[in-house]
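Step one of this worksheet: look at the structure below.
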Amino acid sequence: MTTQDRLLLLGDQLRQLRKAAKITGKVLAQSAGWQPSKLSRLENGQQLISEQDLATWCEVLGLSKEDTAALHDEVRGIRLDQARWRNRTGTGHEVLQQTFGEAEQAATHVRNFETGLVPGLVQTPDYARAVFTAFSRLSGAPDDADDAVRARLQRQTILYDSSKHIELLMTEAALRHSVATPEVMIGQLDRLQSLLELSNVRLGILPLDLQLPAPVMHGFWMLDDLVTIEVTNTEIATREPGDVKLFSDMLAALWKVAAEGDEAQAVLRRVADELRSLT
Numbered sequence: 030m031t032t033q034d035r036l037l038l039l040g041d042q043l044r045q046l047r048k049a050a051k052i053t054g055k056v057l058a059q060s061a062g063w064q065p066s067k068l069s070r071l072e073n074g075q076q077l078i079s080e081q082d083l084a085t086w087c088e089v090l091g092l093s094k095e096d097t098a099a100l101h102d103e104v105r106g107i108r109l110d111q112a113r114w115r116n117r118t119g120t121g122h123e124v125l126q127q128t129f130g131e132a133e134q135a136a137t138h139v140r141n142f143e144t145g146l147v148p149g150l151v152q153t154p155d156y157a158r159a160v161f162t163a164f165s166r167l168s169g170a171p172d173d174a175d176d177a178v179r180a181r182l183q184r185q186t187i188l189y190d191s192s193k194h195i196e197l198l199m200t201e202a203a204l205r206h207s208v209a210t211p212e213v214m215i216g217q218l219d220r221l222q223s224l225l226e227l228s229n230v231r232l233g234i235l236p237l238d239l240q241l242p243a244p245v246m247h248g249f250w251m252l253d254d255l256v257t258i259e260v261t262n263t264e265i266a267t268r269e270p271g272d273v274k275l276f277s278d279m280l281a282a283l284w285k286v287a288a289e290g291d292e293a294q295a296v297l298r299r300v301a302d303e304l305r306s307l308t
């Protein structure tokens, strides 16, 4: 069964459960605070429901714990299918950016740690375009970089939402091992320096000469209590309390030794000066 088949079956199941509960689409959409068009996409298998939206759906319908758990398991299974490299990039990156943006908008506490890239929420258009183009070239997927960049920039509006608590941590290696040209990277570094002034955004860098409190094997996202790990060919998502604690503790340990404020500014200026000497 393909991922699309599973999406269609899930959408039909959601529709049948709603009808069995004798709740109209209009009432469900109003109760959940959604546009009717969103409900239509979910029930027609055009969009995978997020775990938070699914929890709302189940609560409005008054589903049992067993039915709720089964639906969450199916959503996670579909998400893992979608995350495989060909499915994820076969039609480009724009839809993925839109989907992740919806998840970020629903979260209050957004945390991201990156080892090889500048976090997407603070990427410049030119840097983001270089990243998307490189991924498309590697996978052979359609190059929809311009559309993906627009979607990524739309995600960045949450940086100016005072109701959000955003923490973005990266290694200095992410600033040096770049898929972008030195000129593009200099612009990206300037952007990071300006974002140090945002009151609701915590921005940190792990300098190269730093002794780390724990090995950094890969980057990850934390949207409230949802941990998402993206690797080359797949993506893993978990809400298991033990996993959430592990990644929260790891982030806390890394933040204790990270360069912030003036120290982060100094790292950014040093890397930018070295790049300027190459141009």
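Take this note's numbering: the final residue in the sequence shown is number 308, and no numbers are missing along the way. Don't be surprised by glycine CBs; every beta carbon is placed ideally from N, CA and C.
Asked, Found
"In three-state terms, what does DSSP make of Gly169?", "coil"
"Determine the closest residue to Phe161 out of Asp176, Thr85, Leu90, with distance taken between C-alpha atoms.", "Asp176"
"Whole-angstrom Cβ separation of Ala157 and Val139, contact assumed at under 8 angstroms?", "So it is not a contact: roughly 18 angstroms between Cβ atoms."
"Assuming Leu37 and Arg47 form a contact by the criterion Cβ under 8 angstroms, report the distance between their Cβ atoms to the nearest whole angstrom.", "No, Leu37 and Arg47 are not in contact; Cβ-Cβ is about 16 angstroms, not under 8 angstroms."
"Rounded to the nearest angstrom, what separates Trp114 and Thr53 at their Cα positions?", "Residue confidence is low: Trp114 scores 47 on pLDDT, short of 50, so the model does not pin down where it sits. No coordinate-derived value is stated."
"In this structure, how does DSSP classify Arg140 when only helix, strand and coil are distinguished?", "strand"
"Three Cβ pairs or more, each shorter than 8 angstroms: is that satisfied between the region 236–245 and the region 278–297?", "yes"
"When DSSP labels each residue in this structure, what does Val56 get in the three-state scheme?", "helix"
"Have a look at the DSSP bridge pairing and note the partners of Leu255.", "Leu252"
"I'd like to know if the region 127–141 and the region 186–202 are in contact, where contact means that at least 3 CB-CB pairs between them fall below 8 angstroms.", "yes"
"Where do the ends of the alpha helix (DSSP H) carrying Thr85 lie?", "80–90"
"Have a look at Ala132, Leu77, Ile215, Val300 and flag the residue whose alpha-carbon is nearest the alpha-carbon of Gly106.", "Leu77"
"On a CA-only basis, which of His122, Thr153, Ser207, Ala132 is nearest Leu146? Give me that one, please.", "Ser207"
"On the DSSP bridge assignment, give the partners of Ile234 in chain order.", "Met199, Ala288"
"Would a C-beta distance cut-off of 8 angstroms place Gly248 and Ala287 closer than the cut-off?", "no"
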